[in-house]
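Some notes on the structure that comes next.
Numbering (UniProt numbering), first residue to last: 1 to 308.
This is how it looks when you write it as structure tokens:
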């Protein structure tokens, strides 16, 4: 007897052990089809049109009844959460057991790893920005400042995610905005990951034009800043791109350890001066980068331009 058949037998035993008295039955074929016209259940939704397959909706409702907090449920739990009768819930559970999506443990039902196949295709197609966005949103909520993800493209950085606390910065940075790499914390973190030869080539071809009185325009000084950034793993830029705007960034790496982007926190300098920004944002920023890196590895996300 294969594992799915054993789970089906145990599911039937679990239902019997739970004290079910209903004698209603339905024909369940080996492809898992259930007669959707039998025992629609108290919680059945109204008809949505000839195209709508109610049995599919109800089968998915059974799967969605499980949660991380309650991974094991009784038949009564599932019937209550889905609005079905116990007999109807039992038929769906037996079908899911036949298909390998549900197992039984001590007269309770639980999902099997097979259910992951339902979402794997979507997850495998997620882009770098899609993976990073929820983490940047959480970071923004935590520090109450604007957060962003950027990638190095040639000599510029390009913002690919931007999550703003509801404050307007005069710079008007949005998704798709390009900035010279040397002017931003994003750019300096990513430039610092390059070889000394690549940095020398960058400094030889890119004019270090001043945007404010604070902008570093001396190549030797910028080279030293990049070396320091490489050593410490983060970079803070104070009002070099724009007066009143300060930001701090850390790199994001792929599974091989290559820097593929960076995440940062930006703020108004008067609200959160540099000496306060680092202790406020650096550790949450590092944790955000770690979470993004973890998801990139778990989901197999590509980091190239095609993933944007």
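For glycine and all other residues, C-beta sits at the position ideal for the given N, C-alpha and C.
Of the listed residues 73, 154, 71, nearest to residue 260 (C-alpha basis): It is 154 whose Cα lies nearest to the Cα of residue 260.
Proximity of residue 146 and residue 49 at Cβ, strictly below 8 Å: No, the Cβ-Cβ distance between residue 146 and residue 49 is not below 8 Å.
Proximity below 8 Å, CB of residue 192 to CB of residue 230: Yes.
Bridge partners - residue 158, DSSP secondary structure assignment: Under the DSSP definition of a beta bridge, residue 158 partners with 151, 178.
Contact the region 284 to 295 vs the region 178 to 193: 3+ CB pairs below 8 Å: Touching, no.
Contained alpha helix (DSSP H) runs [length at least 4] in the UniProt domain "HTH iclR-type" (53 to 113), N- to C-terminal order: Whole alpha helix (DSSP H) segments, 4+ residues: 54 to 64, 75 to 82, 86 to 98.
Status (buried if at least 16 other CB within 10 Å, exposed otherwise) for residue 262: Residue 262 is classed as buried because its beta carbon has at least 16 other beta carbons within 10 Å across all chains shown.
Residue 214, enclosing beta strand (DSSP E) - first and last residue: Residue 214 -> no beta strand (DSSP E), and no H or E assigned at all.
Outcome for residue 105 when other beta-carbon atoms lying within 10 angstroms are tallied against a minimum of 16: Residue 105 should be labelled exposed.
Cutoff 7 Å; reference residue 199; Cβ partners in own chain excluding five residues on either side: The answer, listed in chain order, is 191, 223, 226.
Of the listed residues 285, 112, 83, 148, nearest to residue 164 (C-alpha basis): Selected option, being the one with the closest Cα: 148.
In DSSP terms, what residue 249 is bridged to: In the DSSP assignment, the residues bridged to residue 249 are 235, 264.
Residue 111 versus residue 79 - alpha carbon distance: So the alpha carbons of these two residues sit roughly 16 Å apart.
Where residue 133 falls: helix, strand or coil (DSSP): In the structure shown, residue 133 sits in a helix (DSSP, three-state: H, G or I).
Local Cβ density within 10 Å of residue 297, reported as buried at 16 or more and exposed below that: By the beta-carbon neighbour count (other beta carbons within 10 angstroms, threshold 16), residue 297 is exposed.
For residue 259: DSSP bridge partner residues: 253, per the DSSP bridge assignment.
Contact check, residue 218 vs residue 269, beta carbons under 8 Å: No; because the gap between Cβ atoms is not below 8 Å, this pair is not in contact.
Sheet register partners of residue 146 (DSSP bridge): In DSSP, residue 146 forms a bridge with 266.
With 16 other Cβ atoms within 10 Å as the buried cut-off, status of residue 135: Buried, because 16 or more other Cβ atoms sit within 10 Å of the Cβ of residue 135.
Residue 176: CB within 7 Å of a non-hydrogen atom of the ligand FAD: Only the bare structure without any ligand can be found here, which leaves the ligand FAD out of the picture.
Whole-angstrom distance between residue 251 and residue 195, CA atom to CA atom: Computed Cα separation, rounded: 15 Å.
C-beta atoms of residue 178 and residue 158 nearer than 8 Å: Their beta carbons are under 8 Å apart, which means residue 178 touches residue 158 by this criterion.
CA-to-CA distance, residue 102 to residue 87, given in whole angstroms: Roughly 17 Å separates the two Cα atoms.
Distance between beta carbons of residue 183 and residue 211, contact taken as under 8 Å: Their Cβ separation, rounded to whole angstroms, is 6 Å, which keeps residue 211 and residue 183 in contact under 8 Å.
DSSP three-state assignment for residue 206, whether helix, strand or coil: Coil.
Proximity below 8 Å, CB of residue 256 to CB of residue 143: In this structure, residue 143 does not lie closer than 8 Å to residue 256 by Cβ.
Span separating the alpha-carbon of residue 41 from that of residue 173: In this prediction, residue 41 has a pLDDT of 44, which is less than 50 and means its spatial position is unreliable; nothing more can be read from the coordinates.
Beta-carbon gap between residue 89 and residue 82 smaller than 8 Å: Less than 8 Å separates the beta-carbon of residue 89 from that of residue 82.
Nonlocal neighbours in the same chain, by C-beta distance under 7 Å from residue 293, ignoring five residues either side: Answer for residue 293: 252, 253, listed in chain order.
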